[in-house]
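Enquirer: Just so we're aligned: the sequence shown equals residues 0 to 147 in numbering that gives the first Met the number 0. Glycine residues also receive a C-beta, built at the ideal position from the N, C-alpha and C atoms. Quick caveat, the model's predicted, so the values are computed rather than measured. Before I ask anything, let me first share the structure, which is written out below as structure tokens.
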Amino acid sequence: MSCITAKDIMHPRLSLPAKMKGDELVEKLMCPYPALPVVNDDLNVIGVVSEYDVITALKEGRTTHEFSAESLMTCGHSEHGACDTPVTVLPQTVIEDIVDLFLHRNLSILPVVEGKKLVGIISRKNILNILTEKGFWHEHEFQKRTPK
0 MSCITAKDIM HPRLSLPAKM KGDELVEKLM CPYPALPVVN DDLNVIGVVS EYDVITALKE
60 GRTTHEFSAE SLMTCGHSEH GACDTPVTVL PQTVIEDIVD LFLHRNLSIL PVVEGKKLVG
120 IISRKNILNI LTEKGFWHEH EFQKRTPK
């Protein structure tokens, strides 16, 4: 599998500006992805906002006029909400490492960056699509996994 990298499966850049507020933020999250990267004015990734983050804010009694992408974002590290080093991958990161990040960090999406600049995003669906693509598994590999 190692020949597949983030660059092969990422979706082109789609993000939320840090200052984007309420209704506009929710509307942008109506895309096929369950979360989107948050970027600053230089298009550097500074966090991620998920549908879950918005629902949590609404459950806490906040209205859409009371939050921005910046105030809801998390970084992908389980021990805190946001930091200077959000979880990201490089275009050359291999699929095994991407899968490990999704499994061990319970992420919705992974921003793909060059430097800190956003170049794309990967969701769990991108992973499923590539792993179930016809011809992905070589016949001899499949036969090893299938009981006789």
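Rounded to a whole number of angstroms, what is the C-alpha to C-alpha distance between ASP7 and HIS103?
Expert: 22 Å
Enquirer: Given a cut-off of 8 Å, decide if ILE45 and MET9 are closer than it, judged by their beta-carbon atoms.
Expert: no
Enquirer: Would you mind stating whether VAL48 and LEU57 have Cβ atoms separated by less than 8 Å?
Expert: no
Enquirer: Taking ASN125 as the reference, give the member of THR84, ARG61, GLU113 and PHE101 with the closest Cα.
Expert: Each of THR84, ARG61, GLU113 and PHE101 was checked against the Cα of ASN125, and the nearest Cα belongs to PHE101.
Enquirer: Would you report the Cα separation of ILE54 and ALA17, rounded to the nearest angstrom?
Expert: Looking at the two C-alpha atoms, the distance is approximately 18 Å.
Enquirer: With 16 other CB atoms within 10 Å as the buried threshold, where does PHE141 fall?
Expert: In this prediction, PHE141 scores a pLDDT of 49, lower than 50, which makes its location untrustworthy; the coordinate-derived value is nonetheless stated afterwards. Under this definition PHE141 is an exposed residue.
Enquirer: Does the separation of the CB atoms of LEU42 and LEU117 fall below 8 Å?
Expert: yes
Enquirer: Out of curiosity, what's the CA-to-CA distance linking ILE121 and VAL111?
Expert: 7 Å
Enquirer: Does the beta-carbon distance from ILE3 to VAL88 come in below 8 Å?
Expert: Taking 8 Å as the Cβ cut-off, ILE3 and VAL88 do not qualify as a contacting pair.
Enquirer: Can you list, in chain order, the residues of its chain with a C-beta nearer than 6 Å to that of GLN91? Leave out the 5 residues immediately preceding and following it.
Expert: THR4
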